[in-house]
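Chemist: Here it is, the structure in full.
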Amino acid sequence: NAGVTQTPKFQVLKTGQSMTLQCAQDMNHNSMYWYRQDPGMGLRLIYYSASEGTTDKGEVPNGYNVSRLNKREFSLRLESAAPSQTSVYFCASREGTGYGYTFGSGTRLTVV
Amino acid sequence: LAKTTQPISMDSYEGQEVNITCSHNNIATNDYITWYQQFPSQGPRFIIQGYKTKVTNEVASLFIPADRKSSTLSLPRVSLSDTAVYYCLVGDMEYSTLTFGKGTMLLVSP
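Line order of the protein sequences matches chains A and B. Residue numbers for the first sequence follow the numbering used here, beginning at 180 and rising by one. Residue numbers for the second sequence follow the numbering used here, beginning at 25 and rising by one.
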């Protein structure tokens, strides 16, 4: 089983450029999440989708947008990248409340 | 959501038992306690979850006292591959999200 697949694994952007981080899960999970992790920090929630067709802001949503394309896919878009968005981005999914998260392997993004 | 406090780091040697304690004084009646493990360059991995008393699986044990204001993750006979960051999370299962703190960096030496 692939679990949660994130693409790309690495990306370098120039300030002001835009890009979309892709995430797909093959476990038929209802909920999907985007987190960022900065050095020495825990994970901070950017956006989440509790179920197909819904999205909600997390702790640090500014500068990001998301799309729950279907039950499998949840993308994160940076419209105008800033150096402060340099981070490792993790996508996660879970079947529903009360169940553990399954995380992807992350996208390491550098904005110069 | 209940706030958690856990040590920033811990050191151990191969073959020892490691206990990582997490404080959550404001835990609510409906909150569960969940632990995750994160290796470098990987996403966190679910280890164990519990509500009260003791929970055991093939990886770890989770001890929760009667007042539930703290919990202890116990890793038996650690190996070098157990070197990782361990996160304690507390949350109501009805909520859609959980909050990850900074975790505990466990370093296992030969």
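C-beta: ideal position from N, C-alpha, C; glycine also. Keep in mind it's a predicted model, so treat the numbers as computed, not measured.
(1) What first and last residue would you give for the beta strand (DSSP E) that runs through A:Met206?
(2) Name the DSSP beta bridge partners of B:Asp106, please?
(3) Could you tell me which whole beta strand (DSSP E) segments of length 3 or greater appear in the stretch 51-81 of chain B?
(4) Short check: CB of A:Gly255 to CB of A:Val191, under 9 angstroms?
(5) Does DSSP put A:Ser263 in a helix, in a strand, or in coil?
(6) Kindly list the residues whose CB is nearer than 6 angstroms to the CB of A:Thr281, restricted to its own chain and excluding five residues on each side of it in sequence; keep chain order.
(7) Taking 8 angstroms as the cut-off, does the CB of A:Tyr278 come closer than this to any heavy atom belonging to the ligand GDP?
(8) With a threshold of 9 angstroms between beta carbons, is A:Gly279 in contact with chain B?
(9) Report yes or no: is there a C-beta of chain B within less than 9 angstroms of the C-beta of A:Tyr212?
(10) Using three-state DSSP, classify B:Asn43 as helix, strand or coil.
(11) Look up A:Lys236 in the DSSP assignment and give the residues it is bridged to.
(12) Give the interface partners of B:Ser75 over in chain A, defined as CB-CB distance under 7 angstroms, in chain order.
Modeler: Checking against the coordinates, here is how it stands:
(1) Neither: A:Met206 is in no beta strand (DSSP E) and is coded neither H nor E.
(2) B:Asp106 pairs with nothing; no bridge assigned.
(3) 55-62, 69-74 and 77-80
(4) Strictly speaking, residue 255 of chain A in this sequence is Leu, with Gly absent from that position. In this structure, A:Val191 does not lie closer than 9 angstroms to A:Leu255 by Cβ.
(5) helix
(6) Here the set comprises Gly182, Val183 and Ser272.
(7) Because no ligand of any kind appears in the structure shown, any question about the ligand GDP cannot be addressed here.
(8) Yes, because at least one Cβ of chain B sits closer than 9 angstroms to the Cβ of A:Gly279.
(9) yes
(10) Note: B:Asn43 maps to strand in three-state DSSP.
(11) Paired residues: A:Tyr226.
(12) Checking the displayed sequence, the identity of residue 75 of chain B turns out to be Tyr instead of Ser. Chain A residues near B:Tyr75: none, gap ~11 angstroms exceeds 7 angstroms.
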